[in-house]
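*Asks:*
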Amino acid sequence: MSPLDFGAPLRPPQAPRLSDMVFDQIAEAIVHGELKPGEGLRDQALADRLGVSRMPVREALLRLERAGLVETAASRYTRVVEITPERASEIVEYAGYLYGAATRMATRRMDDAQREEAVRLLDAIVSAGTDRDAYFNATRAFNRHIIATCGNSNFKLRSDLLYTVDYVTRNIPLAGVLDAVLPLIARLRRAIEEKDADGAEAAVRELHGIDGDLGEVAQRVRQ
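For what it's worth, the numbering used here labels the leading residue of the sequence shown as 466, then goes sequentially.
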């Protein structure tokens, strides 16, 4: 049989690849601050902590570097990246365009159950208030829901970069920003309920300081 025998049925993967699981574990540790900015990463030490061989760790570190969470210098170091204020602003801007487009698509394509879930997740963001962990987790859940329901698999291809977005947005100060953010979340909620794709995208972009009067978000990231 030819290696490219297109007549042969393909078998779906039975389980996630080990390197994918290692990638997710390390990425989560970086996002949640268990691995600090500038902290050195030794593949053998990580392998020992995770109970795996060095190979999946090395593969995961390469992906983390491409995602912007890790930086390396040959024969010198591999470490958690330290995000500069300028880089953080770029990432927040990127997130605004990414999630804005995805929200536009999702608002048009969601079924009733998915729409109700989106509204519930937005309500959870509001309920979180200034509890940073609760706010981050609720926002992250909403964004993942949008990516899952937008109907365009290309957004999932960029899923590694979502960890970098999380890494930055988790550390944005909430104090002094919520008063400006909450009305925008209310607008987004209403737009999704009313299937207003234009309004939903506009609200998401404003939430990321791209349009409108929410420049405080970008300013606080730079500080």
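We treat Cβ as the ideally placed atom computed from N, Cα and C, and that holds for glycine.
Since this is a predicted model, take the numbers as computed values, not measurements.
What residues in its chain sit with their C-beta under 8 Å from that of ILE611, if we drop five residues either side in the sequence?
*Replies:* These residues qualify, in order along the chain: TYR564, ALA567, THR568, ALA571, ALA583.
*Asks:* With DSSP collapsed to three states, give me the class of GLU659.
*Replies:* GLU659 falls in the coil class under three-state DSSP.
*Asks:* Across which residues does DSSP place VAL535 in a beta bridge pair?
*Replies:* Beta-bridge pairing links VAL535 to VAL545.
*Asks:* Span of the alpha helix (DSSP H) holding MET486?
*Replies:* Its alpha helix (DSSP H) spans residues 483–496.
*Asks:* State yes or no: is the C-beta of ILE650 within less than 8 Å of the C-beta of ILE590?
*Replies:* Cβ distance < 8 Å, so ILE650 and ILE590 count as in contact.
*Asks:* In whole angstroms, what separates the C-alpha of ASP470 from that of GLU558?
*Replies:* Only weak support is given to the placement of ASP470: the predicted model assigns it a pLDDT of 45, under 50, and the value that follows is read from those uncertain coordinates. Those two C-alpha atoms are separated by around 44 Å.
*Asks:* Give me, in chain order, the residues of the same chain whose beta-carbon lies closer than 7 Å to that of SER518; leave out the 5 immediate sequence neighbours on both sides.
*Replies:* Only ALA512 meet the Cβ criterion.
*Asks:* What is the DSSP secondary structure of GLY664, counted as helix, strand or coil?
*Replies:* Three-state result, GLY664: helix.
*Asks:* Over the uninterrupted alpha helix (DSSP H) stretch that includes HIS610, give me the two end residues.
*Replies:* Run containing HIS610: 597–614, per the alpha helix (DSSP H) assignment.
*Asks:* How far does the alpha helix (DSSP H) with GLY565 in it extend, from its first residue to its last?
*Replies:* Start and end: 550–574.
*Asks:* Looking only at its chain, what residues have a beta carbon closer than 7 Å to the beta carbon of THR629, apart from the 5 residues adjacent to it on each side?
*Replies:* The answer, listed in chain order, is ALA532, GLY533, LEU534, ILE556.
*Asks:* Looking only at its chain, what residues have a beta carbon closer than 7 Å to the beta carbon of ALA656, apart from the 5 residues adjacent to it on each side?
*Replies:* Contacts found: THR572, GLY664, ALA665, ALA668.
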